[in-house]
Structures are given as structure tokens and as C-alpha cells.
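What follows is a single structure, written as C-alpha cells, with notes after it.
Residue numbers (the numbering used here): 13 to 328.
Take a look at the structure:
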């Protein structure tokens, strides 16, 4: 009888947490020699870049005219990125060349604006601080646009993404819904979306009388995945698009839950740099209008994550 009551309780908790998550808003040239340390591999061997060809984009004078004078004169946009998050940004086998959707998007945005997007490998939890301190001009790092981040930066939103969790193959703990994470060890990338959502789920667990989840933060996504693979975590919580990539690369090692919620992914720009923000937005709209954006989505199998219109700060 007690077991049946606990099962019913867990099911009710799962429904309630899912209901809360579903109220989230349904929005959501590049220097390929990046600075910083080489990233650890996320799940076994590094993947090759997709072979699909994407059109070369011409400079758009109207968009380029919006750039701040110092960036236009320098010809370089300093980009902060946590380069261990495939298929969005990750190092090639030379541990120097940056691949991924964000890398390609940076190249295309640079072509429109007539500047070079130079990627700098940075731990995710230091990106907003680096923007505020002026070390970087913007971020291209699969950052979810959330209201609490809008205090320090503005976002030019360019994708939608859900959140999911990944387990080892066979799912030995039987994790199916968010409430199943209560009392489990969950690996996350520090300060990334999985970290934030883990706190929200944990709070829901304790409100329902369950144990809080045991959050295990790591400096990058690849380390979180390795912790799962090594048996030091029961699950990894992150954006669905990167977990799906991990599963695709190593289907015998991992499986993932269904995604929940839908959130906008944005390009963070310092709050006081509206000129750069507006230039990036204009360039993104050019890419959407000329078809290059859709080609990039198709190349990286992200068509379902499309977000049109390049909205500013659409996250809640």
C-alpha cells in the first residue's frame, strides 16, 4: 500500500513539475583559431564537421553602418564562447579550429558586417562577467535568454531549445520525468541552463516533500558528460540539442529524456552597447532573409530549433 502511495505521489509530482515547466515562454568572417585551452571531448571521439555547403554571404552596408566605430575600425569582434558544447561550438581534432553551428553563424554574421568574429574559449560561468568587464564584445555560446541575465546583458535571440536530461544506456535508475531526479546526482555545466533548471527542479522536489536533487556542477559540458559516463552522476541536465548530439555520437553509451519547456537561445551583448546589439540583430535578419540562416540550421540538423525575427530579450 505504501509503495502504491509513493508511486502515485511521484506521478502527481511529475505532472505538476511538467505543468510548471510548460508555462515557460514558447520562444526561445570568424577567426577559426580560437584562443584558450583545448576542450575535453564530450563523448568519445570528436565528430567531423557536416559536409553540407552553405552560401558565402556578402557584406550588407546598412547593417555594417550600425557597428560601433571602434569595432568597425579594428575589424574584429571578440567573441566569448564555452567551446565544448557540440553541435553548437566545439574544437576539431586539432584542438584549435572551432566547429559548430555557432561557429558558422559567427562567420556568416562577420561576413554581413564586414568584420571577423574571433572566438575565445571561456568557461561558461565567466562569460557575462567578461562582457561586463569589456574583455569580450559579445557571446556566441548557446546561452538561454532568461530575465535574470537581462540585468547585465541584452540578448539577440536566434534559436529555440528545450531542456532534457541524459542517462547512461539502459537508464538503470528508471528516470523518465523531472520529478524522478529528486534525490539523484545530476551533473550540470556551471552557470549554464542545466544549472539553473536543476535548482528549479530541486525546489519543486522539496516543496513536494521529496529529497532535493544532488547537483554536481562542472566547468564545462564535456566534463559533466564524462562524469555521467564514469558513474559519478545519475544524469546530465542540459539543452536538448547538445544532449541529442551526445546520444547520436555514442548511442551505445547514452539515452535521453523527452525535452520539456521551450526557451530562446540568444547572443549576449553588454547592456550598454546597444549599437553592437542592433548591428548583430540587423545582420541576423539579413541571414534570415537571404536563406543562409536556414542553410546553417539544416547543416547542423537544427531546423526544428528555428526562431525567426531576431527578437531582443524575448526570454522570461
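All residues carry an ideal CB built from backbone N, CA and C; glycine is no exception.
A residue is called buried when at least 16 other Cβ atoms come within 10 angstroms of its Cβ; residue 106 does not meet this threshold and is exposed.
If you look at residue 319, you'll find it isn't in any alpha helix (DSSP H); DSSP assigns it neither H nor E. The beta carbon of residue 134 is closer than 7 angstroms to those of 48, 92, 93, 94 and 142 in its chain, skipping five residues each way along the sequence.
Cα atoms of residue 164 and residue 247: separation of roughly 31 angstroms, rounded to the nearest angstrom. Around the C-beta of residue 315, fewer than 16 other C-beta atoms lie within 10 Å, and the residue is accordingly described as exposed. Judged by DSSP secondary structure, residue 133 falls within the beta strand (DSSP E) whose first and last residues are 128-133. Rounded to the nearest whole angstrom, the CA to CA distance from residue 298 to residue 243 is 46 angstroms.
Secondary structure at residue 273: strand, using DSSP grouped into helix, strand and coil. Contact annotation: residue 153 and residue 175 have beta-carbon atoms that are not nearer than 8 angstroms.
Proximity of the region 195-204 to the region 277-285 falls short of the contact definition, fewer than three beta-carbon pairs being nearer than 8 angstroms. According to the DSSP assignment, residue 81 belongs to the alpha helix (DSSP H) that extends over 81-86. Its Cα nearest to that of residue 292, the residue 123 stands out among 123, 139 and 212. Excluding five sequence positions before and after residue 323, the CB atoms of its chain that fall closer than 6 angstroms to its own CB belong to 169, given in chain order. In terms of Cα proximity to residue 325, the closest of 155, 159 and 108 is 159. Residue 227 sits in a strand when the DSSP states are folded into three classes. The beta carbon of residue 120 is closer than 6 angstroms to those of 69, 299 and 304 in its chain, skipping five residues each way along the sequence. For residue 243, the three-state secondary structure derived from DSSP is coil. Take residue 218, set aside five residues on each side of it, and the residues of its chain with a beta-carbon closer than 6 angstroms to its own are 224, in chain order.
Our two residues, residue 85 and residue 296, have alpha carbons roughly 21 angstroms apart in a direct line. The three-state secondary structure of residue 160, taken from DSSP, is coil.
Residue 99 and residue 234 have their C-alpha atoms some 12 angstroms from each other.
A check of alpha carbon separations from residue 111 across 188, 125 and 132 identifies 132 as the nearest. The C-beta distance from residue 308 to residue 117 rounds to 6 angstroms, short enough to meet the 8 angstroms contact threshold. Between the alpha carbons of residue 232 and residue 274 lies a distance of about 22 angstroms. Each of 269, 240, 262 and 167 was checked against the Cα of residue 251, and the nearest Cα belongs to 269. Under DSSP, residue 111 shares a beta bridge with 102.
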